[in-house]
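Below you'll find the structure, written out as structure tokens, and then a few comments.
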Amino acid sequence: MQATHASTKHALQNTSEQSATEKLRILELFVASFTHEVKNQIGAIHSACKFLDRPDKQTLYANIVREGIDDAYRLIENMLSTVKVNAGTLNITLQNEPFCFVNWLPAFLLPFQANPLFPTRIEADCCIGLDGLIITADKVKLGQILLNLLINAQKHAYRNTSINIKCNGDGKYVIIQTSNKGHTIPAEQLSKLFTPYFMLTNGHAGNGLGLHISKTYIEAMGGTITAKSANELTTFMIKIPIRPISNK
91 MQATHASTKH
101 ALQNTSEQSA
111 TEKLRILELF
121 VASFTHEVKN
131 QIGAIHSACK
141 FLDRPDKQTL
151 YANIVREGID
161 DAYRLIENML
171 STVKVNAGTL
181 NITLQNEPFC
191 FVNWLPAFLL
201 PFQANPLFPT
211 RIEADCCIGL
221 DGLIITADKV
231 KLGQILLNLL
241 INAQKHAYRN
251 TSINIKCNGD
261 GKYVIIQTSN
271 KGHTIPAEQL
281 SKLFTPYFML
291 TNGHAGNGLG
301 LHISKTYIEA
311 MGGTITAKSA
321 NELTTFMIKI
331 PIRPISNK
């Protein structure tokens, strides 16, 4: 009887320790994700600051800095209010708002297209058949998703090539594809791209969180993200509901 009691006590202790370890892992992931996203925003601001002493471009880059600071503030506020660590899990809530997608996307891309320190050209064949489309979504999180995809594409694109963005819709979802020419991602690595802290074995810097964060947000929105890579062309495709899905 004493042996059974000791065994049960030991099992409960192990369960408690595992639960505490899992909660710490989730908390670590939240802190790392928060830091990753803020660092992305600060990096864009820092790049633009380097050109503020050019009289011919001062207004342009001052506006980029100003918008970058506003974006960083909105991102911090959004993450702190919508991403919570609770009972060992990350709980994501959405701050949905209606907005015109075809107006929002070019404005979002402009700072990257205008920034000479963003080394890869962005060519956008956007909004095919989406004229005037109003979607209801978390605009800040959608911006984080696209920023992570752009940074990922830029890191892995060949020099003197472009990142290509295509958008269309199927009546229920907005479909966004980002493509870049670069080394083909092996199939065994492709399946792990959205795993936290996973990094491709090609020497590029990074912490393996951007794609995981994007997938987490997309799924919270009721959407999907997939990746394919063949013949030195890598494409990510995301599908975001035009209207929120009620059971998500």
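Residue numbers (my numbering): 91 to 338. Glycine is no exception: its CB is placed at the ideal position from the N, C-alpha and C atoms.
The stretch 232-252 contacting the stretch 299-307, beta-carbon criterion three pairs below 8 angstroms: yes
Test item: CB-CB of S269 and T325 under 8 angstroms: yes
Residue burial classification, A295 (beta-carbon count within 10 angstroms, cutoff 16): Low confidence applies to A295: its pLDDT is 45, below 50, so where it sits in the model is not reliable, and the reading given next is rough at best. Looking at its Cβ environment, which holds fewer than 16 other Cβ atoms inside 10 Å, A295 is exposed.
Beta-carbon proximity check, N186 vs P334, cutoff 8 angstroms: yes
Per-residue burial, T111 [other beta carbons within 10 Å of its own, 16 or more giving buried]: exposed
C-beta contact flag for A227 and T274 at 8 angstroms: no
N205 vs S281 beta-carbon contact at 8 angstroms: no
Selection from K245, E309, Y151, I328 that minimises the alpha carbon distance to A317: I328
DSSP beta-bridge partners of C190: Checking the DSSP bridge columns, you'll see C190 partnered with I224.
Cβ shell of L199 (< 7 angstroms), same chain only, five flanking positions each side left out: I212, A214
DSSP-derived helix/strand/coil call for D143: coil
Three-state class that DSSP yields for F198 in the structure shown: helix
Identified DSSP bridge partners for N258: I265
Residue from D143, F191, L150 whose Cα sits closest to the Cα of V230: F191
Spatial distance of Q267 from V128 (CA atoms): 24 angstroms
Option nearest A243 by Cα separation, candidates K271, L220, K256, F124: K271
Between the CA atoms of V264 and G313 - distance to the nearest angstrom: 9 angstroms
Where the alpha helix (DSSP H) through A277 begins and ends: 277-280
Where L240 falls: helix, strand or coil (DSSP): helix
Burial state of T210, where buried means 16 or more other Cβ atoms lie within 10 Å: That one is buried.
Cβ-Cβ distance between K262 and P188 below 8 angstroms: no
Where T316 sits in the DSSP three-state scheme: strand
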